[in-house]
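The structure appears below as structure tokens.
In the UniProt record's numbering, the protein residues as written are 1 to 124.
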């Protein structure tokens, strides 16, 4: 690989323009996934579609208002699909999109880094 393909902002050969071009996609990703609950919601939906209350039970400490807001944000960013079934009362189900499944490696990398960081900071 050439240094053009592997430049990071830690490289001494990194120009301001290449650092900015590397940071923009990272900033975009962080903007979409920001907050305490978006990744835990996606993880909760990783095994199967779930109804609102099922997700709420999986995420100890989240309020219904916050869960509703975060699900709407994830839906806007095409990471979650909301399906309303014609039943009485209406049944609403949430599932991850194919696009959100591409986050699998990112989530695993964050898990691995979090494990290392925990050991570094608190020794566990």
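All residues carry an ideal CB built from backbone N, CA and C; glycine is no exception.
Which listed residue (the options) has its alpha carbon closest to that of residue i
i           : options             : result
residue 103 : 55, 22 and 40       : 40
residue 89  : 51, 73 and 110      : 51
residue 69  : 46, 101, 48 and 34  : 34
residue 43  : 20, 66 and 108      : 108
residue 67  : 94, 110, 85 and 117 : 94
residue 48  : 113, 101 and 121    : 101
residue 36  : 28, 46, 27 and 59   : 59
Residues of its chain near residue i, where Cβ-Cβ distance is below 8 Å and the 5 sequence neighbours each way are ignored
i          : result
residue 97 : 78, 79, 80 and 81
residue 53 : none
Residue i (DSSP reduced to helix, strand or coil)
i           : result
residue 119 : helix
residue 43  : helix
residue 50  : strand
residue 107 : helix
residue 96  : strand
residue 125 : With the chain represented from 1 up to 124, any question about residue 125 goes unanswered, as that position is not in the structure.
residue 62  : coil
Status (buried if at least 16 other CB within 10 Å, exposed otherwise) for residue i
i          : result
residue 1  : With a pLDDT of 41 at residue 1, under the threshold of 50, the modelled position of this residue cannot be trusted; read the value that follows with caution. That one is exposed.
residue 21 : exposed
residue 24 : exposed
residue 76 : exposed
residue 62 : buried
Close beta carbons around residue i, own chain, < 7 Å, minus the five adjacent residues each side
i           : result
residue 15  : none
residue 105 : none
heavy atom of the ligand NAD below 7 Å from residue i C-beta
i          : result
residue 36 : The model depicted lacks the ligand NAD and carries no ligand whatsoever.
Through-space distance from residue j to residue i, alpha-carbon basis
i           : j           : result
residue 129 : residue 115 : Given that the chain is displayed from residue 1 to residue 124, the structure contains no residue 129 and the question cannot be resolved.
residue 91  : residue 55  : 14 Å
residue 30  : residue 74  : 13 Å
residue 120 : residue 99  : 33 Å
residue 38  : residue 71  : 8 Å
residue 123 : residue 117 : 9 Å
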